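In case it helps, the numbering used here puts the sequence shown at residues 259 to 531. Glycine residues also receive a C-beta, built at the ideal position from the N, C-alpha and C atoms. The structure displayed is predicted, hence computed values, not measured ones. Quick notes on the structure that follows.
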Amino acid sequence: MERAGFHPSRRLGQNFLLDDNMARAIASDAGVTPGRFTLEVGPGCGFLSVHLAHAGAQLLCVEIDGRLAPIAREFLAPYPRAEVIEADVLESKSRLAPAVLERLPRDGAWTLCANLPYSISGPFLATVAQLDHPPARVACLVQKEVAERLASEPGDATWGPLSAAFQEAYEVKLGRFVPPQLFWPRPKVDSAVFLADLRPDLALPEERARRMQFYRDLMQRRRKSLRRVLSDLVGGASAARGLEALDLDPLRRAETLSLPELRALEREVRVDV
Ligand code: SAM
Numbered sequence: 259m260e261r262a263g264f265h266p267s268r269r270l271g272q273n274f275l276l277d278d279n280m281a282r283a284i285a286s287d288a289g290v291t292p293g294r295f296t297l298e299v300g301p302g303c304g305f306l307s308v309h310l311a312h313a314g315a316q317l318l319c320v321e322i323d324g325r326l327a328p329i330a331r332e333f334l335a336p337y338p339r340a341e342v343i344e345a346d347v348l349e350s351k352s353r354l355a356p357a358v359l360e361r362l363p364r365d366g367a368w369t370l371c372a373n374l375p376y377s378i379s380g381p382f383l384a385t386v387a388q389l390d391h392p393p394a395r396v397a398c399l400v401q402k403e404v405a406e407r408l409a410s411e412p413g414d415a416t417w418g419p420l421s422a423a424f425q426e427a428y429e430v431k432l433g434r435f436v437p438p439q440l441f442w443p444r445p446k447v448d449s450a451v452f453l454a455d456l457r458p459d460l461a462l463p464e465e466r467a468r469r470m471q472f473y474r475d476l477m478q479r480r481r482k483s484l485r486r487v488l489s490d491l492v493g494g495a496s497a498a499r500g501l502e503a504l505d506l507d508p509l510r511r512a513e514t515l516s517l518p519e520l521r522a523l524e525r526e527v528r529v530d531v
């Protein structure tokens, strides 16, 4: 790539995974079976894509960079079930591009697997968790801090709005660590895979979106007391009633609430909003 005069774009998070064993391992983490619809964001040249295609995925790759999409297409030519489209996967911060949305399955389990560009990983994953029909399995390589945040638990230093919102839809586990020297160019940060499976008790899309928004509002000021943050959100009287009904200490910080507590609180104060 260097010899061909290709200059990777930092803005587009272009750190290519050059280690083929690692790419194969990540594709295997995704657990793709023949015929399984799989979305890959940012195939780059297709180094990860080829392993997904080889596993028999019905693969949709979405690449923003017009220099790379044709390379990925050529690399994937032996796999007729693989398609590469040139597009920004996000139309806005919280909406997928129509060209992607219209190709996603409306029923049946599907998979998301990618070496995600760092700049969009947070908003993109939050958007995915709010889809009407989200992927049943997600296996993505992201900045290690993001993987830790997604897999963290209340009380961890990394627990925050993205953790709570994503875990409303997914059970998340930290996966393999990927050191900077396996990429070109080398990122300044460590990377890690996270694995996520859709919760069996997944709420309907509207309900999910409402809960996620509530968690985000509450966790934006997660070091403040529940009484204070909740009063600002729903008014002092409703906040006091909700906390009392659930027997929650008003002086607890929002960041200490578990997901079941967050859910219960959202339900409790909703009628009052
Ligand atoms: N999958 C390749 C690999 O593992 O070597 C490349 C991964 S690189 C970290 C991220 C890729 O995402 C780049 O190819 C970049 O051009 C692409 N990309 C960045 N922003 C994007 C967006 N908004 N929509 C689609 N692709 C994007």
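Check: Any chance you could list the residues with Cβ under 6 Å from a heavy atom of ligand 1, keeping chain order?; Outcome: 270, 271, 272, 273, 274, 275, 299, 300, 301, 302, 305, 306, 320, 321, 322, 323, 326, 346, 347, 348, 373, 375 and 378
Check: What is the rounded straight-line gap between the Cα of residue 265 and the Cα of residue 377?; Outcome: 18 Å
Check: Taking three-plus beta-carbon pairs below 8 Å as touching, is the segment 379 to 395 in contact with the segment 439 to 450?; Outcome: no
Check: Going by DSSP in three states, residue 425 sits in which element: helix, strand or coil?; Outcome: helix
Check: Say whether the segment 477 to 486 touches the segment 410 to 429, bearing in mind that this needs 3 or more beta-carbon pairs closer than 8 Å, one atom from each stretch.; Outcome: yes
Check: Among residues of its own chain, excluding the 5 on either side of residue 283, which ones have a beta-carbon nearer than 8 Å to its beta-carbon?; Outcome: 434
Check: In whole angstroms, what is the alpha-carbon distance linking residue 455 and residue 370?; Outcome: 11 Å
Check: In the structure shown, what three-state DSSP assignment does residue 498 receive?; Outcome: helix
Check: Using beta-carbon positions only, say whether residue 300 and residue 374 come within less than 9 Å of one another.; Outcome: yes
Check: Report the rounded CA-to-CA distance for residue 401 versus residue 437, giving the unit in angstroms.; Outcome: 10 Å
Check: Can you give, in chain order, each stretch of the alpha helix (DSSP H) that sits fully within the segment 285 to 352 and has at least 4 residues?; Outcome: 307 to 312 and 327 to 333
Check: Sort out for me which residues DSSP pairs residue 483 with in a bridge.; Outcome: 511
Check: Tell whether a beta-carbon distance below 9 Å holds between residue 333 and residue 316.; Outcome: no
Check: On the DSSP bridge assignment, give the partners of residue 435 in chain order.; Outcome: 450
Check: Answer with yes or no whether the minimum CB distance from residue 418 to chain B is below 9 Å.; Outcome: You won't find chain B in this structure, because it holds only one protein chain.
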